[in-house]
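Colleague:
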Amino acid sequence: MHLLGTESAFEVLARAGALQREGRSIINLGIGQPDFPTPEHIVEAGRKALADGHHGYTLANGILPLREAVVADLHRRHGVTVSPERVLIVPGGKVTMFFAMMMFGEPGTEIIYPNPGFPIYESAIRYSGATPVPMPLHEDKGFSFSAEEVLALITPRTRLLILNSPANPTGGTVPKSELDRLVAGLERHPDVAIMSDEIYGEIVFGEPTVSLSTYPGLTDRLILLDGWSKTYAMTGWRLGYGVWPEALAPHAERMAINCHSCVNAASQYAGIAALQGPREPVRRMVAAFSERRAYVVPALNALPGVSCVDPGGAFYAFPNISGTGLGSSALQSRLLEEAGIATISGTSFGALGEGYLRVSYAAGMAQLREAIGRMGDLLARL
Ligand code: PLP
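Going by this note's numbering, the sequence shown runs without a break in its numbering and finishes at 748.
1. How would you call residue 543, buried or exposed, if buried means at least 16 neighbouring beta carbons within 10 angstroms?
2. What residue from 525, 387, 509 has the CA that sits closest to residue 498's CA?
3. Assign residue 372 to one of two classes, buried (16 or more other C-beta atoms within 10 Å of its C-beta) or exposed (fewer than that).
4. Taking the C-alpha atoms as reference points, what is the distance between residue 392 and residue 706?
5. So, do the stretch 641 to 655 and the stretch 435 to 449 have three or more beta carbon pairs nearer to each other than 8 Å?
6. Rounding to the nearest angstrom, what Cα-Cα distance links residue 740 and residue 665 in this structure?
7. Of all the beta strand (DSSP E) runs that stay within the bounds of the stretch 377 to 459, which reach a length of 3 or more residues?
8. Nearest to residue 662 by CA position, among 728, 423, 455, is which residue?
9. Could you check where the beta strand (DSSP E) with residue 527 kicks off and where it finishes?
10. Do three or more CB pairs link the stretch 583 to 596 to the stretch 455 to 466 at distances below 8 Å?
11. Give the DSSP bridge partners of residue 563, in chain order.
12. In angstroms, rounded to a whole number, what distance separates the CA positions of residue 681 and residue 533?
13. Please determine if the stretch 562 to 572 and the stretch 370 to 384 are in contact, where contact requires at least 3 C-beta pairs separated by less than 8 Å.
14. Locate the alpha helix (DSSP H) running through residue 367, then write down its first and last residues.
15. Quick check: the stretch 669 to 678 against the stretch 495 to 512, are at least 3 beta-carbon pairs closer than 8 Å?
16. Tell me whether residue 461 sits in a helix, a strand or coil according to DSSP, three-state version.
17. Please say whether residue 551 and residue 513 have beta carbons closer to each other than 8 Å?
18. For residue 481, count the other beta carbons within 10 Å of its own beta carbon; 16 or more makes it buried, fewer makes it exposed. Which is it?
19. Am I right that residue 535 and residue 710 are in contact with their C-beta atoms under 8 Å? What's the rounded C-beta distance?
20. Can you have a look at residue 491 and say buried or exposed, based on whether 16 or more other CB atoms are within 10 angstroms of its CB?
21. Using DSSP's beta-bridge definition, name the partner residues of residue 723.
22. Heavy atom of the ligand PLP less than 7 Å from the Cβ of residue 376, yes or no?
23. Compute the Euclidean distance between the alpha carbons of residue 384 and residue 406, then round it to the nearest angstrom.
24. DSSP puts residue 682 in a beta bridge; with which residues?
25. Starting from residue 499, trace the beta strand (DSSP E) in both directions and tell me its first and last residue.
26. If I follow the unbroken alpha helix (DSSP H) through residue 624, where does it start and stop?
27. May I ask whether a heavy atom of the ligand PLP can be found less than 7 Å away from the beta carbon of residue 534?
28. Is residue 481 close to the ligand PLP? I mean its beta-carbon at under 7 Å from any heavy atom of the ligand.
29. Using the Cβ count rule (16 or more neighbours within 10 Å means buried), how would you classify residue 623?
30. CA-CA distance, residue 685 and residue 695?
31. Would you say the beta carbon of residue 530 is closer than 7 Å to some non-hydrogen atom of the ligand PLP?
32. Relative to the C-alpha of residue 612, which residue among 434, 725, 454 is closest?
33. Do residue 521 and residue 476 come within 8 Å of each other at the CB atom, strictly closer than that value?
34. Kindly indicate the opening and closing residues of the alpha helix (DSSP H) around residue 739.
35. Mark residue 743 as exposed unless 16 or more other C-beta atoms lie within 10 angstroms of its C-beta, in which case mark it buried.
36. With contact counted as at least three CB pairs below 8 Å, one residue from each stretch, are the stretch 417 to 433 and the stretch 580 to 589 in contact?
Take a look at the structure:
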């Protein structure tokens, strides 16, 4: 059990809550979820599903209309055609990653993962018994990777390569040219499977990111991870999906049957409404994130000892704080304890996150302005 890590965003959330209960004014820039409610037509579909009596188990891989809606959405967004049999509906994006790690990882194998990256990758890899091999992301490349560097990490023991664009915690996106080079190089490694975590795929500010699903050569070894949590502000509904290679889909489904049987029915009906409903609520949320990013990034850059590259997607800024004279973890706790600002230390996302801080801008403009002001006051005192 000691191999299993955690996600310190939940610990920061708990500490921020405790300080708030003591009467302190806390601004939470630590949490990785949209600060918007789920759009009303989606909530209504969930309510209606309950009223209509959808109270029982569903198919383990998800109700067919939802998997068909996923297929249509993938076609709309990426122009790809997949069969609904390859889609496995799961309770949140995390489940696909855990299943992939349990399926591919075992002692003696290696799994390559982005660092700094979503902490559950490294945790689940270790838990599987595999050796986690960090793929460095580079600030001067907008937190993308270098395809040559990633390919050089592959050994005969490599089973799985994890990609995440747009990324948590950096907001970084990988340009198509870099992906093209990586995919071309992967032809020399046909036994390496890929898990592409595209859960922030619709929250992009410049060039849309390219889905790995658009590379036909990868179809029989690509696990696509996506879900509703971020795009539709549905983190608490617990709804996500994986698109699995045809040969692996039945195995992934058996894992679901062993683990959770199926996702709760009402969430699945809500998921259909999300995919088939108006795009306007999503556009509005992305526009709000874009406006906040336009404020936060220059404001962070103006703080003493701080520099911040423009994130291409998601709702995180990942400022370099090495000029402040404090380590990431020390700055995280001083910001929380002395300034009432919850952020997450870059080291929570892997060893290569030292010298950075994750700032979530899924918070209102007034809160962001207040937070930047308080951060500036603290940094000036250092
Ligand atoms: N993948 C990444 C990169 C994330 O940041 C998150 C959540 O923060 C997830 C997956 C998990 O999403 P879910 O809440 O749907 O399990």
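Using N, Cα and C, we set each Cβ at its ideal position, and we do this for glycine too.
Modeller: Let's see:
1. exposed
2. 525
3. exposed
4. 4 Å
5. yes
6. 12 Å
7. 453 to 456
8. 728
9. 524 to 530
10. yes
11. 530, 591
12. 9 Å
13. no
14. Where residue 367 is concerned, there is no enclosing alpha helix (DSSP H), given that its DSSP letter is neither H nor E.
15. yes
16. helix
17. yes
18. buried
19. 7 Å
20. buried
21. 711
22. no
23. 31 Å
24. 726
25. 497 to 502
26. 615 to 625
27. yes
28. no
29. exposed
30. 14 Å
31. yes
32. 454
33. yes
34. 731 to 747
35. exposed
36. no
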